[in-house]
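Working notes for the structure below.
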Amino acid sequence: MPAPARSFRRLAGPVLLLALIAIALAGAAAFRIVTRPVFQLSDYPQVACGVPGEGSGRVFHVDPVRGSADGDGSRERPWRDLQGLVDRGLVGERRRHLSSGERLLAAVLHRPERVTSSPREAAVVRGGDVIRLAEGDYGALDLSYLANSRFVTIEAAPGAIARFASLRASGASHFILRRIEIAGDALAEGSGHLRLRL
Numbered sequence: 008m009p010a011p012a013r014s015f016r017r018l019a020g021p022v023l024l025l026a027l028i029a030i031a032l033a034g035a036a037a038f039r040i041v042t043r044p045v046f047q048l049s050d051y052p053q054v055a056c057g058v059p060g061e062g063s064g065r066v067f068h069v070d071p072v073r074g075s076a077d078g079d080g081s082r083e084r085p086w087r088d089l090q091g092l093v094d095r096g097l098v099g100e101r102r103r104h105l106s107s108g109e110r111l112l113a114a115v116l117h118r119p120e121r122v123t124s125s126p127r128e129a130a131v132v133r134g135g136d137v138i139r140l141a142e143g144d145y146g147a148l149d150l151s152y153l154a155n156s157r158f159v160t161i162e163a164a165p166g167a168i169a170r171f172a173s174l175r176a177s178g179a180s181h182f183i184l185r186r187i188e189i190a191g192d193a194l195a196e197g198s199g200h201l202r203l204r205l
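Numbering (the numbering used here), first residue to last: 8 to 205.
Here's what the structure looks like:
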């Protein structure tokens with residue numbers, strides 16, 4: 008084998024090793040990978056949040072006993088299932104979107120997550136409206152990533168308590184909850200779970 012080829016073979020291994028080390032160091036420096044990033048509140052875009060006001064004057068009714076899926080939300084023809092309304096896109100003006108890729112990228116790059124939103128064209132209950140709940144059990148409620156321009160009030164009717172097994176509201180905006188009780192089944196078994204009353 009010619010001398011230049013032998014020299015090249017001897018140098019190829021160490022050069023390759025140095026190149027890999029340089030790439031790894033550059034990658035670690037670029038992404039600044041740490042296990043527990045700390046953000047300041049000022050890092051996140053702030054949304055102006057108005058004061059709850061009188062609203063639009065529109066009141067919709069939900070009754071888990073005498074309501075109907077075909078109801079119109081009036082006192083005479085209440086809806087039956089609040090979560091069903093949310094799932095059908097009838098509650099909340101916009102839905103916020105956050106991809107798992109964006110969530111990972113935000114964590115690695117130490118920056119706030121970028122959230123986009125899309126309008127919910129079918130929404131009947133919008134900012135300023137009230138959803139009034141009759142006494143009863145409503146199961147789980149998930150308002151996650153729903154947003155309104157003004158507050159939507161979800162409240163039990165006067166003298167009534169609306170009971171929910173669970174409540175999720177991650178990323179939600181402009182909702183007011185009144186006279187509702189959140190207590191899962193575990194409470195009945197005496198496990199000491201907290202009962203939350205709003």
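By construction, the Cβ of each residue, glycine as well, lies at the ideal position given by its N, Cα and C atoms. Since we're looking at a predicted model, the values are computed, not measured.
Collapsing the DSSP output to three states places Ile168 in coil. Comparing alpha carbon positions, the residue from Gly178, Arg139 and Asp149 closest to Asp70 is Arg139. Cβ contact annotation for Arg82 (same chain, cutoff 6 Å, sequence separation greater than five): His68, in chain order. Straight through space, the alpha carbons of Pro119 and Ser63 are spaced by roughly 34 Å. When DSSP states are grouped into helix, strand and coil, Asp149 belongs to the strand group. Between the region 157-168 and the region 114-131 there are fewer than three inter-stretch CB-CB distances shorter than 8 Å, so the stretches are not counted as touching. Less than 8 Å divides the Cβ of Ser151 from the Cβ of Gly178. Here the C-alpha atom of Leu89 lies approximately 7 Å from the C-alpha atom of Tyr145. Bounds of the alpha helix (DSSP H) holding Ser107 are Ser107 to Leu116. Inter-residue distance for Leu97 and Arg87 is about 13 Å (C-alpha atoms, whole angstroms). Boundaries of the alpha helix (DSSP H) around Leu89: Leu89 to Asp94.
The continuous beta strand (DSSP E) containing Pro126 extends over residues Thr123 to Pro126.
Relative to the Cα of Gly74, the nearest Cα in the group Arg95, Arg185, Ala141 and Asp149 belongs to Ala141. Residue state for Ala19 is assigned as helix, using DSSP reduced to three classes. Nearest Cα to Ala167 within the set Arg103, Arg186, Asp149 and Ala176: Arg186.
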